[in-house]
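This report refers to the structure that appears directly beneath it.
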Amino acid sequence: SIDSNEKSSKVNHSSRHGQELGKQLTKDVSKARVESIDTDTCAPGDEDAFFVVDMGEVYRQHLRWKMNLKRVKPHYAIKCNPNPEVLRLLAELGTGFDCASKAEIEMVLDLGVDPSRIIYAQPCKTKSYVRYAAEKGVKQMTFDNTDELYKIKRFYPTAELFLRILTDDSSSLCRLSDKYGASMDTTKDLLLLAKDLDLNVVGVSFHVGSGASDPQSFARAVADSRIVFDQAYDIGYSLKTLDVGGGFSGDSGNLFETMADVLSKALDEHFPPNVRIIGEPGRYYVASAFTLACNIIARRDIVDPATGDTNYMIYLNDGVYGNFSNLIFDHQFVTPRVLSKRDTSTRSVEYSVWGQSCDGIDRITEMCTLHGVLDVGDWLYFEEMGAYTKCSATRFNGFTDNHDILYVSSEPGASALLNY
Ligand code: PLP
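Following full-length UniProt numbering, the numbering of the sequence shown begins with 16 at its first residue and continues without gaps.
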């Protein structure tokens, strides 16, 4: 165990170094970009918000996964962020992909990925998409109800089916179990019906909820999956694969390692090595790789009549209808940081930060303290903006949902795969 502690401290040391390098590269590229823009004279939209992505961070997350979850083959949930460079890197790294629609399947196939590396992990599918999956040979798909079994019988009777079971997702930010997952008192009947229909059930899947915080939820779901494997065996199926879904934290703390440890122990307790294990991580891979830079387009001064102190409302050229859609749909909070400002003072000033749409709900940060008096034309940046941000942005009020993305790489391994 001394050896393994030493090993992990070396890896942590080098990954911290990589993260610091990535942050520096991101800042340098962002600064160079904003310094090249004169907001008094630029063409309309030249000062639009933009992303900087450190592909090295995606690469490091992959190594971290392999080190902590050896048994589990990741299938990146592309709904979280279908960025083409992220998909290209993960395809090169040999991951699988979790797709939820025809368009997502198409994006992955267009990269030359073999259909056997895709799971169509959507228990309630559109009929024509099932036909599309059949045509393309995307065999693996999930179900959790009887109607779906009849649909699959009609349109893709040879598909490889995963029975998605209900989990306790009460500790997660985005709960999924109100909508998906067969309760444990229905699994046997579903398997019996699948058998009657002569369908090919090959595994069990679950999802403990996105943004999960309780590692034990994985242990409980694995134990339930074992029960379903045994039910299937009694009915005449020999299930081969367990899909442990998403919900993994991508934070730089050790929640992921704790989750991985609890999950690995549960897998080893309940499933022999010949059972194939896959997962569907989304936010884990991309959250920390993306940084968003935004321009301050307007400011409103608020003077406290009692003290005479001034604080400010500042308005950015992005918002909750844009890339900050994660505040609404993904229940996140974000931290503004100063990228460039003209005021050289360092005094602490309070701000509320707002988006650009006409809607009062469009508030990014209720109150924050930043150094110096920020003004129109200055820039802020936000880290950890890779998960459930751009993918759920709208064009509300006529603003773009297609912001520029600049790429850097803080890992030679990623640079080599991507030819950067
Ligand atoms: N798999 C399925 C079926 C999902 O619905 C989701 C997210 O909603 C994911 C995987 C990815 O989850 P996460 O980003 O929490 O890892």
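Every residue gets a Cβ at the ideal spot worked out from N, C-alpha and C, and that includes glycine.
Note that the coordinates shown come from a computational prediction; the quantities given were computed from them, not determined experimentally.
Residues of the same chain with a CB within less than 7 Å of the CB of Glu-381, apart from the 5 flanking positions on each side, are Ser-367 in chain order. The C-beta separation of Leu-178 from Ser-198 comes to about 12 Å, leaving the pair out of contact by the 8 Å criterion.
Under the three-state reduction of DSSP output, Glu-284 falls in the helix class.
Under the three-pair Cβ rule at 8 Å, the segment 390-408 counts as touching the segment 294-306. Counting along the chain, the unbroken beta strand (DSSP E) around His-386 starts and ends at 378-386. Under DSSP, Ser-220 takes part in a beta bridge, and its partners are Arg-179, Asp-258.
For Cys-309, the number of other beta carbons within 10 angstroms of its own is at least 16, and it is reported as buried.
Beta bridge pairing from DSSP links Tyr-422 with Val-68. For Ala-47, the number of other beta carbons within 10 angstroms of its own is below 16, and it is reported as exposed. Lys-356 and Ser-45 have their C-alpha atoms spaced approximately 13 Å apart.
Met-274 and Phe-221 have their C-alpha atoms spaced approximately 15 Å apart. Gln-231 and Ser-51 have their C-alpha atoms some 50 Å from each other. For Phe-348, the shortest separation between its Cβ and any heavy atom of the ligand PLP does not lie below 8 Å. At a threshold of 8 Å, His-222 counts as near the ligand PLP, since its beta carbon sits closer than that to one of the ligand's heavy atoms. Among the bridge pairs identified by DSSP, Tyr-330 is matched with Ala-313, Trp-369.
In the DSSP assignment, Lys-88 falls within the unbroken beta strand (DSSP E) covering 87-92. Closest in alpha carbon position to Asp-374, among Asp-358, Val-349, Tyr-336, is Tyr-336. The three-state reading of DSSP puts Ala-174 in coil, since its state is none of H, G, I, E or B. Looking at the DSSP output, Asn-215 shares a beta bridge with Glu-175.
Straight-line spacing of the CA atoms in Glu-35 and Val-423 works out to 13 Å.
The segment 200-214 makes contact with the segment 166-175, as at least three CB pairs between them are under 8 Å. Per DSSP, the continuous alpha helix (DSSP H) segment holding Ile-242 begins and ends at 231-250. Here Ala-64 has Leu-307, Ala-308, Cys-309, Asn-310, Leu-331, Asn-332, Asp-333, Gly-337, Asn-338, His-418 as same chain residues with Cβ atoms under 8 Å from its own Cβ, once five neighbours each way along the sequence are excluded. Leu-191: not part of any alpha helix (DSSP H); DSSP gives it neither H nor E.
Taking 8 Å as the cut-off, one finds at least one heavy atom of the ligand PLP near enough to the beta carbon of Leu-191. DSSP, read as helix, strand or coil, puts Gly-265 in coil.
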